[in-house]
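Okay, so here's the structure we're looking at.
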Amino acid sequence: MKKFTVALLYNLKQNAPHREGEPWDAWNELDSEKTAANIERALRAGGHEVIGMEGDVHLAQKLAHYKIDIAFNTCEGHFGLSREAQTPAILDALRIPYTGSGVMTLCVALDKPMAKRVMLQHNLPTPLFQTFVTGDERLNPKLKFPLFVKPSREGSGIGITAKSVCRNARELRAQVAWCIETYHQPALVEEYIEGREFTLGMLGNLPWMIQPRADGKPPEPIAALKNAKPKQIKTQTPETLRVFPPLEVDLSPCPPEQAGLYTSVIKGELYNVPNYPCPAPISKRLWAQMEKLAAGAFAALECTDFARVDFRLRQDTGAPTILEINPLAGLQEGISDIVMAGEADGISFAALINGILDAALQRYGMI
Ligand SMILES: Nc1ncnc2c1ncn2[C@@H]1O[C@H](COP(=O)(O)OP(=O)(O)O)[C@@H](O)[C@H]1O
Ligand SMILES: [Mg+2]
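Residue 152 in this note's numbering is what sits at position 100 of the sequence shown, and the numbering runs on without skipping anything.
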């Protein structure tokens, strides 16, 4: 196995540019020192040399001091519509390969309404929605209460509380106004989906995203994919992309004030409270259906190396619907959904981290 010099790039919570009056959960997406240390340890266990640094506006100057083969990107950024794409854009300009999705995917996926438009174009089911920029827009009469309100461009449950579920026009107007004013971005209003919640993690790439081999042979599955448990369902997902078994987010043990939602309070503080059965206790048919949709969303958004897709089931039809796609899914050891799902599929945290690196190395034709 070849050894590489890897720049581990992160935006740590402790370096967040705090502003007066910011909401309490403003920086919940950023990583702890512990997460960075765990990823670094995993990469070293893979035999690589690791140089960690904050992915800030000085990144280009800092990287110039080293001979980097590839970057392991976990940067969420701080400001602007491009925040998750800023570090990848710098790396593109410096011609440094990096793990995970590229600039376009990260920009589109950060903006939930835009990602939903792309998914709808690919016939992927996602709740009917409307974007509110000023808050005074006329509600699309096709949207029936109860409706759900969330910030357009956040993650980690930021801006999601019991009040996100609105049962009438008065509640909706108040929540939309709060969302726009507090998070300084448009509010996404969509159908409230009351049913069970699942998330599917993915590792690898679709074959056409991988540089063709010099010998013309199809790409070999990377080590982490060879070690995965045999599939329990029949699917058409290519060998080069592993879709982990569905992980259910069973929120029933959570305090009632969290209203059965995967809020920032649960994701940040009460993450031990929900049950996360994986593989979820569901039919093989539903499993196969969600796997197909998850891989479809991965392809539609042109994700690379890893991603996670969140689902809820419609209570009336039982049909899965996609809430969102996360190309920059959290990687907290033992805690993040994709990490738990990987473990359930026989892929340890270290194997997942090195699998993401290998997927990128293979995609760039470096292994
Ligand atoms: N349309 C919806 N109907 C019901 N619950 C929703 C809806 N959208 C989001 N949620 C709840 O809010 C949580 C976070 O929403 P999500 O869109 O996944 O954003 P985040 O990027 O913060 O994870 C979901 O996991 C789910 O519990
Ligand atoms: Mg989510």
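Glycine is no exception: its CB is placed at the ideal position from the N, C-alpha and C atoms.
A quick note: this is a predicted structure, and the numbers were derived from the prediction, not measured.
Cβ distance (whole Å) where residue i is taken to contact residue j below 8 Å
i	j	result
V241	V201	5 Å
Y62	E101	Contact flag wrong, Cβ pair sits at about 17 Å.
Y235	G209	Not a contact, Cβ separation roughly 13 Å.
L133	R205	7 Å
I91	T126	7 Å
V301	Y323	No, V301 and Y323 are not in contact; Cβ-Cβ is about 10 Å, not under 8 Å.
P333	G152	That pair is no contact at about 31 Å.
R155	A141	In the sequence on display, residue 155 carries Val and not Arg. Going by Cβ atoms, the distance from V155 to A141 rounds to 5 Å, so yes, they are a contact pair.
L413	I405	Not confirmed; about 13 Å, so no contact.
P331	I245	Not really, about 21 Å apart at Cβ, beyond 8 Å.
A239	C231	4 Å
P203	Q237	6 Å
P372	L338	7 Å
L303	M392	Contact doesn't hold; Cβ gap of about 15 Å is too wide.
Paired residues, beta bridge with residue i - DSSP
i	result
N378	R360
F181	E242
A59	I103, A123
D83	L64
P298	Paired residues: none, contrary to the question.
L293	G256
P372	L365
### Message
Considering only heavy atoms of ligand 1 and the C-beta of each residue, which residues fall inside 5 Å, strictly closer?
### Response
P179, F200, G207, G209, I212, E242, Y244, I245, L313, Y314, D362, L375, E376
### Query
Where are the beta strand (DSSP E) runs, 3 residues long or more, that stay fully inside the region 114–151, in chain order?
122–125
#### Entry: contact_flag[the region 259–271, the region 208–222] where n(CB pairs < 8 Å) is 3 or more
no
### Task
Specify whether the region 360–380 and the region 250–258 touch according to this definition: at least 3 beta carbon pairs, one from each stretch, less than 8 Å apart.
yes
### Query
Can you list the beta strand (DSSP E) stretches of 3 or more residues lying completely in the region 232–279, in chain order?
239–243, 249–256
### the region 305–314 / the region 264–279 touching (three or more Cβ pairs under 8 Å)
no
### Task
Identify every run of the beta strand (DSSP E) within the region 318–365, keeping only runs that are complete inside it and at least 3 residues long; order them along the chain.
357–365
### Message
If contact is defined by three or more beta carbon pairs under 8 Å, each pair taking one atom from either stretch, is the region 143–150 in contact with the region 119–130?
### Response
yes
### Sufficient close CB pairs (3 or more, under 8 Å) joining the region 310–329 to the region 74–83
yes
### At least three beta-carbon pairs within less than 8 Å, the region 393–407 to the region 277–296
yes
### Runs of alpha helix (DSSP H) wholly within the region 174–228 (minimum 4 residues, chain order)
none
### Message
Assess contact between the region 188–199 and the region 159–169, defined as three or more Cβ pairs (one per stretch) separated by less than 8 Å. Is contact present?
### Response
no
### Task
Take every Cβ of the region 332–347, pair it with every Cβ of the region 282–301, and state whether three or more of those distances are shorter than 8 Å.
yes
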